[in-house]
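**Q** Protein chains in written order, with numbering that gives the first Met the number 0: chain A, 0 to 519; chain B, 0 to 400; chain C, 0 to 472. Don't be surprised by glycine CBs; every beta carbon is placed ideally from N, CA and C. Sharing a structure below in structure tokens format, with a few things to ask.
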Amino acid sequence: MSLPIAPKPAIRRFHQARWDEPVIFESTTPGERGVLVSQPEPGIRETVGDVLSTLPAGLRREKKAALPEMGQMRVLRHYLRLSQENLGADFNIDVGQGTCTMKYAPKVNEALVGTSKLADLHPLQHTDDVQGILDIIWNLERAVAEISGMHRVSLHTSGGSTAIWTNIAMIRAYHEANGEAETRDEVITTIFSHPSNAATAKAAGYKVITLHPDADGYPDADALRSVIGPRTAAIMITNPEDTGIFNPRVKEWVDLAHSVGALASYDQANANGILGITRARDAGFDVCHFNLHKTFGTPHGSGGPGSGANAVSEALAPFLPGPVIERVDGRYVLDSDRPQSIGKVAPFYGVAPNLVRAYSWILALGPEGIKAVAEIAVLNNNYLMKRILDIPGASAPYAVGRRRIEQVRYSWQELYEETGITSEEIGVRASDFGMHYWTSHHPYVVPQPFTLEPTESYSMAELDEYAAVLAEVAREARETPEVIRSAPHNQTVHHTHHDDLDDPERWAITWRAYQRKYFS
Amino acid sequence: MAGLPAQVLQLTLTSNVHAARTVGLVINPIAGIGGPAGLKGSDGPDIQAVAYSKGSRSRSIDRAVNALSMIAATFPDAHIVTAAGQMGADAVTAAGLTADVVYSSRQPSTGDDTAAAVTAIAAAGASLLLFVGGDGTARDVASKLPVGLPMLGIPAGVKMYSACFAVSASAAGTLATRWIEEPLPVENREVLDVDEQAIRTGRVDPHLFAIVRVPFLAGRTQARKSATLASEAAGVRVAASGAIATMSPGTRYLLGPGGTTMEIARQLGLTKTPLGVDVIRDGHVELADASEQELLNLLTESAGPPARAIVTVIGGQGFLLGRGNQQLSAAVLRALGSDPLCVVATEQKLTALGGRPLLVDTGDRELDTTLSGYIAVTTGVGRTSVYPVHAPENEGAHSCV
Amino acid sequence: MTQPFVHPYLPNSAPETKAAMLEAVGAESIDEFYADIPAELRLQRLLDLPGPLAAEQDLVRHVESILDRNVSTKQRLSFLGAGTYNHYVPAVVDEVIGRSEFLTAYAGEPYEDHGRFQALFEYQSLMAELLNMDVVNVPTYDGFQATATSLSMAGRMTGRRRVLVASDVLPDKLSRVIDFVRPNLDLVFVPTVDGTADVNQIAALVSDDVAAVWVETPSYTGAVEAAIQGLADLAHTVGAVLVVGTDPVGYGVLTPPADQGADIVCGDIQSLGLHQWFGGAHGGFIAVHDDPAYVMEMPSRLFGLATTDVPGEIGFGDVAYDRTSFAQREEGKEWVGTAAALWGIAAGVYLALMGPQGMADLGETLILRTKYAQQKLSSINGVALTDPALHLREFVIDFSGASVTSHSIVETLRAEGIEPGVIVGEYELLICVTEMTTQLDIDRLSTAIETAVTSHNTAHHPAAVSHSEEKSA
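Spelled out as structure tokens, the structure:
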């Protein structure tokens, strides 16, 4: 073979890193050290004496913790190998983790937050010393308030679900302040809203009523009318829902809630496609939240830390978690003296590095850019939908023929009935091509579901490539289903067996438990 | 390291890859033959003869081959315990698998043949019984199925009110393949059948014949972002707990048949008749397997306590009333007063209806109208789903599951 | 702008691409995609936001200029703790969690995200060794949430509402816990004696309506609880759960609570390899014994070992995936969401680097430096410790003997570039020392406080000197 190099095949020949790395405890070598600790000075030892031997009975640990003993570079190498065995969003066309908004987290923001001026800041330093970070937080609050149309914003929470909790906690406090805590004990949500709306309402002590969509997949206003009333504390809904369908009657829903004295809470996890297009407050919502790690470009961190932004109307502002930042004569101060506040929802003031990243992301784009984010995201989504629906066996149930906003919940039901290949199996096989694809959409309102959310970050060619991979997998389902059934083939590990994970006698949640159960 | 040589990876968790679990198969070769001929069922030699004369031919063997091919793709050496000829072995061989024949039938096949084959296949050690047919076949299979042995239908019948069928032959094949690999969760599902004589004369009146165990694919997605119920079995437990949480002391509950109501009884520590309506009150069974008349007598007694019926979705069509729980008649429901029903079901069961409404058919149009609209279905403790209820009379019950 | 708006973050904002894509889907304009949004809900103007600073160099200059206004704890001598701690972060930790593969991964399967599963399984396992417990969760949001959840677990398991609070709890943490548990639990506060639990009072209060006895060690004031075993025994006599909130940083030398009868051990991992980040780098751990009754109540994810089709290959998956199914009384298992996985990976790397000897050394250094600071500061006239308990990292000093308010001390020392601690009372200051605090640092603090106290008393209360002498006599 000589030059020129043959053209690339249509489908990328991917293989994930496979280091066959042992569990770290197996690499221990007695005596090796990873880092050393600063020792107490001789002067300290002289002054205080042998404190350890005078500890009260039972307080002194008898045997050292059985942590591994490894030289520094061995630890580094172990973890760098593990890092390579991950498909981060920086590496793949990450449109397959729909509902998660896997957009680009700009690298410049990593450089910005790396400064000692942020990393080495203590939250209880004098406010004179932290004016810079308070300025950023305050301005980010203003930006989220503008994007939502709301009055005030809190950025304290470190994830979307805990932000939803904060929504319901404020709603509860509001009704308590009005003396209606006892009578309003129900929260209404929809089956296509993120389940954390129901879960947090439940954890807050509410009865949860779930509405199913009407025959066209739109939220069913008649169903809402049949249950809303004086016992309703709030409606908690997502819009557009995870189907990508926008509820055109959303204002009517909010008005219905208000007409019975209930509040309307808006889960804006799917806000990416409507930034600068439509705003929560303009539809009348009292409270909403955004996920900065979805919509505002902070990295997902292998599952956190994220950041939640809670935005509220003037009526709910007194209930925001404390303290809040106020700007007085050009200086930022912290106000903790807020008797109606629900109190702390997290330590201090939120995930500061994420707040700086989100601020920087908004600033880089500006008003025109933010709107372009939404528009390109929906363009990408509708373009990808066209490509996906061209694949035999794929469909987009509900609102057939309608456009979608940020994402689409598709179905492989036709392919499944034809071939017996499930959506989950397709997902595992898609990973062989270096693609994420997930099906965590219980309950399966859409049978054999998959949700694609292309965001604004992926180019047309990349969307074509993703669709081509799914088309290839669908072809395999018909022609060589055993290839799919025995997948993955190009991954770090092979088909994994789950039985042991559900049996208390056999599961191994830690290395020590594994050793005890199987080797002692 | 507990005695393991250093640097050696040695995981010893149990593996089930090659665990030999045997699947049994029985085919009703004439199932579905009545459908294309417009005969609303295929029960009885006379009907079958009419169907043949109208040119119908069996779909059930093709369906079986389709499903078995799924198994063959993964386990080409698998043995299927089955009956001879058209009742199983032909399809097994056609799919490239080995048939262990344990029963031979007369021709043409009757319900008795199916039942006898089931007995033989179960005795031969099958751990799952695949059958091909419709409601009539399901009923025959269930009649001889040993308690606890799961069954799964490959849909090929005309009538399919029962909830024991996979959505397609391929889907059934997938389930069976998985079953051979590893244990799958099973759920209680209903077997219903109508009297075909009645349906042909215009009355749809299916009765509940059995509650059987049916395997299903638990969604085993690892990427769990939210704490939602992953399996139907879990959903049933939670829904049942939810119904119990709504029960009041002193109130009488007419506990209808169904998998979820069985679970309610189990959680209450009561023994429930699987197919009947049992009256319970304050943790005791007042009346087991009550007839309509017995219920009426109980409810019309003077100064009786308040009473409600607890019902669940019966079968695969979304019926709450009028299919399999006919004891809860219009008269009984009227005697229960203005708020007669507590409906309990899993969220999964509702979503599986694909947006189709729940159905009531008590035979009393006025009552059906009262019951329709939106109903709050208990899905967990403090959790309800609002779902539409229609009173179609002649809506909904004709398509496949 | 005369040029079309093309942004580096938006590849398809190039006009030709946009046009090609619209054509492919048969749409005239992007507005068509918004057909379901009624006109009256459409924003008819651009958002009122700053920017754009689309050129990266402009953005960097701007954001850096704002952050530069911060004065960090490297520029101040800080004795601040109270929830966020200044421990050393080894360079390898930052290197690992800065890798794109970990930083930008999210919710993939154990195949394409195998490394994430293994790193978090190892985090669970390393924490488990430090805590001597067999089950540790993938981190939840923070120690506040971990504690609120742990108490809720005890409530669900026992079906009871009362929780006896045996220790002094960080007020912010308490605020969070109260907000979270109040639908299901009632907290009963049992005042501490000498900084730690009043065992006799707890003994008088335990009854069969108690869901949990809640111990914090080190407590809000840094006091190490010496009576965990006794409290555990009391709790267990009535079928209650002993919940211990803690910071794992000291367990290289201190006996883990599990060895003293604790059932649930929970807290924050910020001390293990995470910078202070203005209080924005917290993660919560919950540890229990390998008992399904406990494991099934845990709302967080748990990663476990699994075999694969290939012998010797290490697979992973979610343990007890269907955890809610064990619920006899489904009162809400809370929720699982994006929490703090990256911080968990960091803490794992930290523990792997430290090893058994590193954690033992760290624990010793903390205890000795704490003791030294206590001795040094309490030797100042008019300054006293508030209790005789063993302290780890934090302790409270009382200036009432010198009639100087803590506020005035803080104000005076800040002028000298020292953050002397957190004000916790009119005369009380919570002081934190870590392995980052040298003897010289402590001496400098001591000198500054002594000077402040003396000059204050000379200026305002000439009699106070003799008062102090009387006290020390």
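Going by C-alpha to C-alpha distance, which of B:LEU352, B:ASN296, B:LYS143 sits closest to B:ALA334?
**A** B:ASN296
**Q** Could you name the residues of chain A that B:ARG382 contacts, counting a contact when the two beta carbons are closer than 9 angstroms?
**A** ALA197, LYS201, LYS206, VAL207, ILE208, THR209
**Q** Using alpha carbons as the reference points, say which of A:GLY243, A:ALA279, A:ILE234 lies closest to A:ASN381.
**A** Nearest of A:GLY243, A:ALA279, A:ILE234 to A:ASN381, Cα basis: A:GLY243.
**Q** Can you give me, in chain order, the residues of the region 320-354 of chain B that have a beta carbon less than 7 angstroms from any beta carbon in chain A?
**A** GLU346, GLN347, LEU349, THR350, GLY354
**Q** Just the Cα atoms here: how many angstroms apart are A:HIS292 and A:THR156?
**A** 12 angstroms
**Q** Among A:SER394, A:GLN406, A:LEU364, which residue has its Cα nearest to the Cα of A:VAL377?
**A** A:GLN406
**Q** Under the three-state reduction of DSSP, which class applies to B:MET159: helix, strand or coil?
**A** coil
**Q** Assign A:ASN246 to one of two classes, buried (16 or more other C-beta atoms within 10 Å of its C-beta) or exposed (fewer than that).
**A** Per the 10 Å Cβ criterion, buried.
**Q** Which word fits C:LEU376, buried or exposed, when buried means at least 16 other C-beta atoms lie within 10 angstroms of its C-beta?
**A** buried
**Q** Checking contacts by CB at 8 angstroms: is A:CYS287 closer than that to chain C?
**A** no
**Q** For a minimum of 3 consecutive residues, which ranges assigned as the beta strand (DSSP E) are wholly contained in the region 303-349 of chain B?
**A** Counting only runs of 3 or more, we get 306-310, 318-320, 340-343.
**Q** In the DSSP assignment, what residue or residues form a beta bridge with B:PRO387?
**A** Under DSSP, B:PRO387 shares a beta bridge with B:TYR373.
**Q** With respect to the alpha helix (DSSP H) encompassing B:GLY110, which residues constitute its N-terminal and C-terminal limits?
**A** 110-122
**Q** Give the residues of chain A in contact with C:ILE219, contact being defined as C-beta atoms less than 8 angstroms apart.
**A** Contrary to the premise, residue 219 of chain C reads as Tyr rather than Ile in this sequence. Near C:TYR219 there are no residues of chain A at all, since even the closest Cβ is about 13 angstroms away, more than 8 angstroms.
**Q** Please identify, using Cβ separations under 9 angstroms, the residues of the region 217-235 of chain A that lie next to chain B, in order along the chain.
**A** ASP219, ASP221, ALA222, LEU223, ARG224, SER225, VAL226
**Q** Under 7 angstroms Cβ-Cβ, which residues of chain A neighbour C:ASP301?
**A** The sequence given here places Leu at residue 301 of chain C; Asp does not occur at that position. Going along chain A in sequence order, the residues near C:LEU301 (Cβ under 7 angstroms) are ILE508.
**Q** Taking 6 angstroms as the limit between beta carbons, can you name the residues of its chain near A:ILE369, skipping five residues before and five after?
**A** Closer than 6 angstroms at Cβ, skipping near neighbours: LEU274, GLY275.
**Q** I'd like to know if A:ARG402 contacts chain C, where contact means its C-beta is closer than 8 angstroms to some C-beta of that chain.
**A** Yes, because at least one Cβ of chain C sits closer than 8 angstroms to the Cβ of A:ARG402.
**Q** Are any of the Cβ atoms in chain A nearer than 8 angstroms to that of B:SER169?
**A** Yes, its Cβ sits closer than 8 angstroms to a Cβ of chain A.
**Q** Since A:GLU481 meets chain C, which of its residues come closer than 9 angstroms, beta carbon to beta carbon?
**A** Within 9 angstroms Cβ-Cβ: nothing; A:GLU481 doesn't reach chain C, min ~13 angstroms.
**Q** Using beta carbons (cut-off 8 angstroms, strictly below), is C:MET358 in contact with chain A?
**A** yes
**Q** Within this structure, are the beta carbons of A:ALA104 and A:GLY349 separated by less than 8 angstroms?
**A** no
**Q** Helix, strand or coil, according to DSSP, for C:SER12 in the structure here?
**A** helix
**Q** How about B:THR369: is its C-beta nearer than 8 angstroms to some C-beta of chain A?
**A** no
**Q** Cβ atoms of B:GLY353 and A:GLY419: under 8 angstroms apart, would you say?
**A** no
**Q** Could you name the residues of the same chain whose beta carbon sits closer than 8 angstroms to that of A:ARG224, not counting the 5 residues immediately before and after it, in chain order?
**A** LEU255
**Q** Along chain B, in chain order, which residues have C-beta atoms closer than 8 angstroms to that of A:ALA214?
**A** GLY354
**Q** Given a limit of 7 angstroms on CB to CB distance, which residues of the region 483-499 of chain A reach chain B?
**A** ARG484, HIS496, HIS497, ASP498, ASP499
**Q** Please go through the region 417-503 of chain A and give each complete alpha helix (DSSP H) segment of 4 or more residues, from N-terminal end onward.
**A** 422-430, 459-478, 480-484
**Q** Per DSSP, C:THR307 is paired with what?
**A** Residue pairing by DSSP places C:THR307 opposite A:THR495 in a beta bridge.
**Q** Within the same chain, show all residues whose beta-carbon is closer than 7 angstroms to that of C:ARG161, passing over the 5 residues directly before and after it, in chain order.
**A** If we look at C:ARG161 and ignore the five residues flanking it on each side, its Cβ neighbours are ASP185, VAL187, ASP208, VAL209, ALA210.
**Q** For C:TRP213, name the three-state secondary structure that DSSP assigns.
**A** C:TRP213 falls in the strand class under three-state DSSP.
**Q** Whose C-beta lies closer than 8 angstroms to the C-beta of C:VAL189 among residues of the same chain, with five residues either side of it excluded?
**A** Shown here for C:VAL189: same chain residues with a beta carbon closer than 8 angstroms to its own, the five before and five after excluded, namely LEU163, VAL164, ALA165, ALA196, ASP197, GLN200, ILE201, LEU204 in chain order.
**Q** Under 8 angstroms, do A:THR189 and A:THR209 count as touching if we go by C-beta distance?
**A** In this structure, A:THR209 lies closer than 8 angstroms to A:THR189 by Cβ.
**Q** What is the DSSP secondary structure of C:PHE277, reduced to helix, strand or coil?
**A** helix
**Q** Based on DSSP bridge pairs, tell me the residues matched to A:ASN309.
**A** A:SER153, A:HIS288
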